[in-house]
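Below: one structure, written as structure tokens.
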Amino acid sequence: MPIKQIDHGSKEYRQMVELRNEILRKPLGLAFKQEELEREKDDILIGAFEEDKMLGCCLLTRVDKNSVRLRQMAVQNNLQGKGVGATMLNYAENVARDAGYKNMVMHARKTAVGFYEKLDYKVTSDEFEEITIPHCIMEKRLC
Ligand SMILES: CC(C)(COP(=O)(O)OP(=O)(O)OC[C@H]1O[C@@H](n2cnc3c(N)ncnc32)[C@H](O)[C@@H]1OP(=O)(O)O)[C@@H](O)C(=O)NCCC(=O)NCCS
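First residue of the sequence shown? That's 2 in my numbering, and the numbers climb one at a time after it.
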């Protein structure tokens, strides 16, 4: 399963937005706003592929010199639980380390906390609501 960085505005980026809409937004009755996508221009965009099909995606947004935020982690519905997410997160951590970041942080959906805990992330906040559902902050030291 090739995992690679993709360019903002590319064909792969359009696939990514479509996948994120299907998995992360539509089930909540929400959609992306153009301004939200414009803000991703400087992010590190990551996709997992099988030939031309995107199996999963995530992105990394700089917080400061030391920390980067994992966002928009999504795997195709029929492929969840088969290792795609863990492989992609491992790749994202390596990219973040190579870029000099020391901490990964995220706003994790409550329903995904168990997934991140398996990969050594720790909950570091109380629960809060974001895009209508419960989240909490999770973090991991990368080095
Ligand atoms: C959460 C998500 C990204 C995980 O990716 P995935 O490919 O399904 O996960 P993997 O198959 O790599 O799972 C790795 C391990 O975590 C476990 N796991 C996966 N999803 C889990 C969840 N939601 N809760 C608890 N454990 C989970 C798996 O059982 C597996 O355990 P094992 O190593 O003991 O076999 C994916 O299921 C998904 O897209 N979910 C819907 C969208 C979502 O919630 N995104 C996260 C937003 S913060």
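Note that CB positions come from ideal geometry on N, CA and C, so glycine has one too.
So what does DSSP say about residue i, is it helix, strand or coil?
{"i": "L145", "result": "In the structure as shown, the chain starts at 2 and stops at 144, and residue 145 therefore has no counterpart that could be examined."}
{"i": "Q81", "result": "coil"}
{"i": "G101", "result": "coil"}
{"i": "E41", "result": "helix"}
{"i": "E52", "result": "coil"}
{"i": "E128", "result": "coil"}
{"i": "V64", "result": "coil"}
Can you name the start and end residues of the alpha helix (DSSP H) that residue i belongs to?
{"i": "R70", "result": "From DSSP, R70 is part of no alpha helix (DSSP H) but of the beta strand (DSSP E) over S68 to V76."}
{"i": "R15", "result": "K12 to R21"}
{"i": "K119", "result": "V114 to K119"}
If I follow the unbroken beta strand (DSSP E) through residue i, where does it start and stop?
{"i": "G30", "result": "From DSSP, G30 is part of no beta strand (DSSP E); its letter is neither H nor E."}
{"i": "K5", "result": "I4 to I7"}
{"i": "K141", "result": "I134 to R142"}
Check whether the Cβ atoms of residue i and residue j sit closer than 7 angstroms, and answer yes or no.
{"i": "M105", "j": "A97", "result": "yes"}
{"i": "Y92", "j": "I4", "result": "yes"}
{"i": "E52", "j": "H9", "result": "no"}
{"i": "V76", "j": "G84", "result": "no"}
{"i": "T146", "j": "L25", "result": "There is no way to answer for residue 146, as the model of the chain reaches only from 2 to 144."}
{"i": "P135", "j": "K111", "result": "yes"}
{"i": "V1", "j": "C144", "result": "No statement about residue 1 is possible, as the shown extent of the chain runs from 2 to 144 and does not include it."}
Nearest to residue i by alpha carbon, out of the options?
{"i": "L80", "options": "T112, R72, F50 and V64", "result": "F50"}
{"i": "I45", "options": "M17, K34, L31 and E52", "result": "M17"}
{"i": "R142", "options": "E130, G101 and R110", "result": "G101"}
{"i": "E13", "options": "G57, D43 and V114", "result": "G57"}
{"i": "Q6", "options": "E36, A32 and D43", "result": "D43"}
{"i": "D99", "options": "S68, E131 and C137", "result": "S68"}
{"i": "Q73", "options": "I138, N22, M139 and K54", "result": "N22"}
Just the residues with CB closer than 6 angstroms to a heavy atom of ligand 1, in chain order, which are they?
-> I24, L25, M74, A75, V76, Q81, G82, K83, G84, V85, G86, A87, A109, R110, T112, A113, G115, F116 and K119
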